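A.B. asks:
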Amino acid sequence: MKITGYRSLTTRHEWGRPVGDVNGVSTGTSTRQDVLVITTSDGTEGVALGAHAEIEKVFPVLDGEDPRSVTGLYDRMLDTVFKLGHQGATFGTLGTVDTALWDLKAKLAGEPLWRLLGARDRFVPGYASGLEAGLDDDGVAALYGRFAERGFGAAKLKGGRHLDRDLRRLGILREAVSANTSHPGLMIDANESWHVSQAVRHVRALEAEFDLTWVEEPVRRWDVRGMAVLRQQVAAGVASGENLTGLEQVRALVEGGAVDVVQTNAAWGITNLLRVGALAHAFDLPVSPIGLTYAVAAAAAALPNLLSIEVQDLSWPVGVDVDQVVGDGGALLGRSPGNGITLDEAAFEEVPPDTGWAVRSGPHLRPRRAGLRLVPEDDADEDRVPRDDPPTDS
Numbered sequence: 105m106k107i108t109g110y111r112s113l114t115t116r117h118e119w120g121r122p123v124g125d126v127n128g129v130s131t132g133t134s135t136r137q138d139v140l141v142i143t144t145s146d147g148t149e150g151v152a153l154g155a156h157a158e159i160e161k162v163f164p165v166l167d168g169e170d171p172r173s174v175t176g177l178y179d180r181m182l183d184t185v186f187k188l189g190h191q192g193a194t195f196g197t198l199g200t201v202d203t204a205l206w207d208l209k210a211k212l213a214g215e216p217l218w219r220l221l222g223a224r225d226r227f228v229p230g231y232a233s234g235l236e237a238g239l240d241d242d243g244v245a246a247l248y249g250r251f252a253e254r255g256f257g258a259a260k261l262k263g264g265r266h267l268d269r270d271l272r273r274l275g276i277l278r279e280a281v282s283a284n285t286s287h288p289g290l291m292i293d294a295n296e297s298w299h300v301s302q303a304v305r306h307v308r309a310l311e312a313e314f315d316l317t318w319v320e321e322p323v324r325r326w327d328v329r330g331m332a333v334l335r336q337q338v339a340a341g342v343a344s345g346e347n348l349t350g351l352e353q354v355r356a357l358v359e360g361g362a363v364d365v366v367q368t369n370a371a372w373g374i375t376n377l378l379r380v381g382a383l384a385h386a387f388d389l390p391v392s393p394i395g396l397t398y399a400v401a402a403a404a405a406a407l408p409n410l411l412s413i414e415v416q417d418l419s420w421p422v423g424v425d426v427d428q429v430v431g432d433g434g435a436l437l438g439r440s441p442g443n444g445i446t447l448d449e450a451a452f453e454e455v456p457p458d459t460g461w462a463v464r465s466g467p468h469l470r471p472r473r474a475g476l477r478l479v480p481e482d483d484a485d486e487d488r489v490p491r492d493d494p495p496t497d498s
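Residue numbers for the sequence shown follow the working numbering, beginning at 105 and rising by one.
Structure representation (structure tokens):
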């Protein structure tokens, strides 16, 4: 059996709401969903959801290889890009290819991926994370009310810009998920928008009213010292790592005592998740994958130190079906061979023009004053166009 080719497809994820964080909000309610299908000589196909812009760079080392050699092929891809590094889009491509290969391997074995990877329990605990920054308070209440109906007792707020707003909206989340527990888990994600002293002040103010489980990405992703300092100043745990690409970056956080919860992005693939999980386990730290985690939920189920997965939405992309049931505060994985993702390519839909993540207002553009505000509410001149010349007296 050999890898023979691939298909690169796109559809859209319809969220039913704008999605984003402190850095910005998507335009419209749909975002692009890339889909990769790897084909083989016997007709079996491996499916993964995720961006893979650099696929042409790495596919030559996969072509003609046995797809069952998943971790070996993952390392071969890493070796292929070692000169320029495996950052950003390149690491995302490796992760998507890797996830598709694991799907293939499990299908060829005739087993669900969670079982192939050694999981004993096919239920994966989760927390609600609706990327709700673009909603008003009533919209936040309605969204997390729907998560509560699925049994979630923990929820995460996208915040960090306005203290009063964060206090108010954390109260909304607490009220929603308290329907399922007397001790709700509450988290806040600042998406790298603070500097250290600002983070300390903001989190302490929140902790005066809420028992926070963790604060996520409070400062820049590589700021080991800053996160270690924050850990000593607040009661909440510190979670980070989702935007780090590779073990060498995650290792610095772990060895530096910067985090209580190690995170990794679902987009980085299954092999990376397993390796990050093992690294964290060696330091007795829990792992919590983020993103559209239904793609890697099977691998998460196999981690001995899994804390919880992030559940961002209660629906699948258009034309995509996933053999999972979201309920009881997590995901119950199905029994179909592979990762449980099936495609109806005829039903795929393009993202409407000028919508989605990749627009100026979206969450993938870091605001000019992020980390430089005197206080969280300091929005002065945020979007001001810089002057070419200084003002004159005349």
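Where a beta carbon is used, it is the ideal one built from N, C-alpha and C, also for glycine. Small disclaimer: the values here were computed from a predicted structure and weren't measured.
How would you label Thr144, buried or exposed, when you count the other beta carbons within 10 angstroms and need 16 or more for buried?
C.D. replies: The residue is buried, with at least 16 neighbouring Cβ atoms inside 10 Å.
A.B. asks: Run the CB neighbour count on Leu469, radius 10 Å, all protein chains shown included, and call it buried at 16 or more, exposed below.
C.D. replies: It counts as exposed.
A.B. asks: Taking Cβ to Cβ, would you say Thr349 is nearer than 7 Å to Gln191?
C.D. replies: The answer is yes: Cβ separation under 7 Å.
A.B. asks: Hey, how far is the Cα of Gln416 from the Cα of Phe314?
C.D. replies: Answer to the nearest angstrom: the Cα atoms are 22 Å apart.
A.B. asks: What do you reckon, are the CB atoms on Asn376 and Ile394 nearer than 7 Å?
C.D. replies: Cβ atoms of Asn376 and Ile394: not closer than 7 Å.
A.B. asks: Which stretch, first to last residue, makes up the alpha helix (DSSP H) that contains Met331?
C.D. replies: Segment Val328 to Gln337, the alpha helix (DSSP H) holding Met331.
A.B. asks: Measure from the alpha carbon of Ser297 to the alpha carbon of each residue in Gly214, Val307 and Arg473, then state which is nearest.
C.D. replies: With distances taken between Cα atoms, Ser297 lies closest to Arg473.
A.B. asks: Quick one: grab the DSSP three-state call for His306.
C.D. replies: Here His306 sits in helix by DSSP.
A.B. asks: If we ignore side chains and look at the alpha-carbon of each, how far apart do Asp432 and Val228 end up?
C.D. replies: For Asp432 and Val228, the distance between alpha carbons rounds to 10 Å.
A.B. asks: Given Leu407, which residues of its chain have a CB within under 7 Å of its CB, disregarding the five upstream and five downstream residues?
C.D. replies: The answer, listed in chain order, is Gly381 and Val391.
A.B. asks: Relative to the C-alpha of Val354, which residue among Ser282, Gly341, Trp372 and Val338 is closest?
C.D. replies: Taking only the C-alpha atoms, the option nearest Val354 is Trp372.
A.B. asks: Report the CB separation of Glu320 from Ala294 in whole angstroms; it is logged as a contact under 8 Å.
C.D. replies: 7 Å between Cβ atoms; contact.
A.B. asks: Identify the continuous beta strand (DSSP E) that holds Glu507 and give its terminal residues.
C.D. replies: Because the chain here runs from 105 to 498, residue 507 falls outside it and cannot be looked at.
A.B. asks: Just list the residues that DSSP pairs Ile445 with in beta bridges.
C.D. replies: Paired residues: Val426.
A.B. asks: Taking the straight line between their C-alpha atoms, what separation do you get for Arg335 and Ala356?
C.D. replies: Approximately 16 Å between the Cα atoms of the pair.
A.B. asks: Nearest to Trp326 by CA position, among Gln337, Gly361 and Val338, is which residue?
C.D. replies: Trp326 has its Cα closest to that of Gly361, out of Gln337, Gly361 and Val338.
A.B. asks: If you measure between the beta carbons of Ala303 and Pro322, is that distance less than 7 Å?
C.D. replies: In contact: Ala303 and Pro322 (Cβ atoms closer than 7 Å).
A.B. asks: Using C-beta distances below 6 Å, list every residue in its chain close to Leu113, excluding the 5 sequence neighbours before and after it, in chain order.
C.D. replies: Same-chain partners within the cutoff: Val139.
A.B. asks: Start and end of the alpha helix (DSSP H) containing Arg355?
C.D. replies: Residues Leu351 to Glu359.
A.B. asks: Please state the DSSP three-state secondary structure of Met291.
C.D. replies: Here Met291 sits in strand by DSSP.
A.B. asks: From the DSSP output, in three-state form, read off Lys106 for me.
C.D. replies: It is coil, neither helix nor strand.
A.B. asks: Please state the DSSP three-state secondary structure of Ala210.
C.D. replies: In this structure, Ala210 counts as helix in the three-state DSSP scheme.
A.B. asks: Looking at C-beta atoms only, is the number of pairs between the segment 196–209 and the segment 149–163 that lie closer than 8 Å three or more?
C.D. replies: Taking 8 Å as the limit for Cβ pairs, the verdict is that the segment 149–163 does touch the segment 196–209.
A.B. asks: Leaving aside the five residues before and after Ala405 along the sequence, list all residues of the same chain whose C-beta is less than 7 Å from its C-beta, in chain order.
C.D. replies: So the qualifying residues of the chain are Trp218, Ala223, Asp225, Arg226, Val228 and Leu437.
A.B. asks: Alpha carbon to alpha carbon, what distance is there between Arg324 and Phe256?
C.D. replies: Their Cα atoms are separated by approximately 29 Å.
A.B. asks: Is Val123 helix, strand or coil by DSSP?
C.D. replies: Note: Val123 maps to coil in three-state DSSP.
A.B. asks: Which residue's Cα is closest to the Cα of Asp241: Gly150, Thr108 and Leu274?
C.D. replies: It is Leu274 whose Cα lies nearest to the Cα of Asp241.
A.B. asks: Tell me the DSSP secondary structure of Leu188 in three-state form.
C.D. replies: Coil at Leu188, not helix or strand.
A.B. asks: Go through its chain and collect everything with a Cβ distance to Ala237's Cβ below 7 Å, but skip five positions before and after it.
C.D. replies: Around Ala237: Gly124, Asp125, Val126, Val129 and Lys262.
A.B. asks: With a threshold of 6 Å on Cβ separation, who are the neighbours of Gly249 within its own chain once the five nearest residues in sequence on each side are excluded?
C.D. replies: Result list for Gly249: Ala280, in chain order.
A.B. asks: Would Leu166 pass as a contact of Leu153 if the rule is Cβ separation under 7 Å?
C.D. replies: The answer is no: Cβ separation not under 7 Å.
A.B. asks: Give me the Cα-Cα distance between Val365 and Ala435, rounded to the nearest whole angstrom.
C.D. replies: Answer to the nearest angstrom: the Cα atoms are 20 Å apart.
A.B. asks: Out of curiosity, what's the CA-to-CA distance linking Leu389 and Ser301?
C.D. replies: Near 25 Å, if we compare the C-alpha coordinates of Ser301 and Leu389.
A.B. asks: Where does Ser301 fall in DSSP's three states?
C.D. replies: If DSSP states are grouped into helix, strand and coil, Ser301 belongs with the helices.
A.B. asks: If you reduce the DSSP assignment to three classes, tell me which class Glu279 lands in.
C.D. replies: It is helical.
A.B. asks: Whole alpha helix (DSSP H) runs in the segment 216–247 with 4 or more residues, listed along the chain?
C.D. replies: 217–220, all fully within the segment 216–247.
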